[in-house]
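Colleague: Supplied in structure tokens, the structure appears directly below.
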Amino acid sequence: VRSDVAMTGEITLRGLVLPIGGLKEKTLAAQRAGVKTVIIPKRNEKDLPDVPAEVKEELEFILVEAVDEVLSAALEKPVPGDVSAAALPQPKA
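In terms of this note's numbering, the sequence shown opens at residue 1065 and continues consecutively.
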């Protein structure tokens, strides 16, 4: 997970992202922690007006509905030429 990303929400067994409470407080904490991007449930978009304007100016909000969107936004992109465990030879059974 990228070190500049914070996320909040609940995920169902089917991968849907459910809304949360306390969005204002959570985004204030993220700002104080030096986070630059916050991933929140799309269904919490209605709560964004409660977040102070100066906080919204400093943070990028990514609104998501499904876990695949969360993973795409939260995970670091592979570095070209980086050797991952998947690329290494696997032991024979």
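Glycine included, each C-beta is placed from N, C-alpha and C at the ideal position. None of the values given here were measured: they were computed from a predicted structure.
1. DSSP state of LEU1159, grouped into three classes?
2. Taking the runs of the beta strand (DSSP E) that are 3 residues or longer, which of them lie wholly in the region 1104-1137?
3. Given this structure, state the Cα-to-Cα distance separating PRO1116 from SER1067, to the nearest angstrom.
4. On a CA-only basis, which of ALA1093, VAL1099 and LEU1077 is nearest ALA1130? Give me that one, please.
5. Any idea if ILE1087 is buried or exposed, counting beta-carbon neighbours within 10 angstroms, 16 or more meaning buried?
6. With a CB to CB cut of under 8 Å and the five nearest residues on each side skipped, what residues in its chain are close to GLN1095?
7. In the DSSP assignment, find the unbroken beta strand (DSSP E) run with ALA1097 in it and report its ends.
8. So is PRO1105 buried or exposed if we call it buried at 16+ other beta carbons inside 10 Å?
Modeller: Short version:
1. The structure shown does not extend to residue 1159, since the chain is modelled only from 1065 to 1157, so the question has no answer here.
2. 1124-1128
3. On the sequence shown, position 52 is the one that residue 1116 refers to. On the sequence shown, position 3 is the one that residue 1067 refers to. Rounded to whole angstroms, PRO1116 to SER1067 spans 23 Å at the Cα level.
4. Looking up residue 1130 in the sequence shown gives position 66. Checked all of ALA1093, VAL1099 and LEU1077; the closest Cα to ALA1130 is LEU1077.
5. On the sequence shown, residue 1087 is found 23 positions in, with the first residue counted as 1. The residue asked about is misnamed: residue 1087 is Leu in this sequence, not Ile. Buried.
6. Translated into positions along the sequence shown, residue 1095 becomes position 31. Taken in chain order, the residues that qualify are VAL1119, GLU1122 and LEU1123.
7. Here residue 1097 refers to the residue found at position 33 of the sequence shown. Neither: ALA1097 is in no beta strand (DSSP E) and is coded neither H nor E.
8. In the sequence shown, residue 1105 corresponds to position 41, counting from 1. Counting Cβ neighbours within 10 Å, PRO1105 comes out buried, since at least 16 surround it.
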